[in-house]
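UniProt numbering applies: residue 1 is where the sequence shown begins, and numbers increase by one.
Heads up, the beta-carbon is just placed ideally off N, CA and C, and yes, glycines get one too.
These numbers were taken from a predicted model, which means no experiment stands behind them.
Beneath this line is the structure, given in structure tokens, with notes to follow.
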Amino acid sequence: MGINNAELTRINTPLTSFSGNIVEPIGEVTLPISLGSYPRRATKMIKFLVVDAPSAYNVILGRPSLNSFQAIASTYHLKLKFPTPVGIGEEIGDQRQARECYANSLKGESNNQPIVKSGILSKEKATVTTDEVPMEKSKEGEPQANKKRKVDE
1 MGINNAELTR INTPLTSFSG NIVEPIGEVT LPISLGSYPR RATKMIKFLV
51 VDAPSAYNVI LGRPSLNSFQ AIASTYHLKL KFPTPVGIGE EIGDQRQARE
101 CYANSLKGES NNQPIVKSGI LSKEKATVTT DEVPMEKSKE GEPQANKKRK
151 VDE
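Below is the structure:
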């Protein structure tokens, strides 16, 4: 992302991953993040931790960052909406690109690009965990979620 180590502020806060691994941050950096497109665009200065951890993603914004934008996320629609001075702005995800990132994360492939995960900037690929929902065929032959089983979150 064009950030060199001289631009980082040192920080001594170890992070623990979902798997229990401890990652030491390389440093901290504040970057301008813009969401939306003109004229419905919002820009905020967001503080990120830089870590040396694998990820298939360039940027993942966490709740504190999204809250600073007062954003509402719909994972089903791959859409993010947020207020701007001239109305509601939105970011729309790319389904194909989202699938590619997910597939790469399962394969263990890295794009070797820094990422931001929940306010954390990473130089490699992060681990992705998901809950799988069993699918059944409907009478029309279309897949549908199996309503007989419960998925714990």
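- For LEU35, there is no enclosing alpha helix (DSSP H); the residue is found in the beta strand (DSSP E) stretching over 25-37.
- Restricting attention to alpha helix (DSSP H) runs no shorter than 4 residues, the segment 53-94 encloses them at 63-68, ordered along the chain.
- With fewer than 16 other Cβ atoms inside 10 Å of its own Cβ, ILE92 counts as exposed.
- Only residues of its own chain outside the window of five on either side were considered, and among them ILE22, GLU24 have a CB closer than 6 Å to the CB of PRO14, listed in chain order.
- Remark: C-beta atoms of GLY36 and THR84 approach each other more closely than 9 Å.
- Non-local beta-carbon contacts of LEU8 in its own chain, meaning distances under 7 Å to residues more than five positions away in sequence, involve ILE26, GLY27, GLU28, VAL29, VAL50 in chain order.
- Exclusion of the five residues before and after GLY87 leaves ARG40 as the residues of its chain whose Cβ lies within less than 7 Å of its Cβ.
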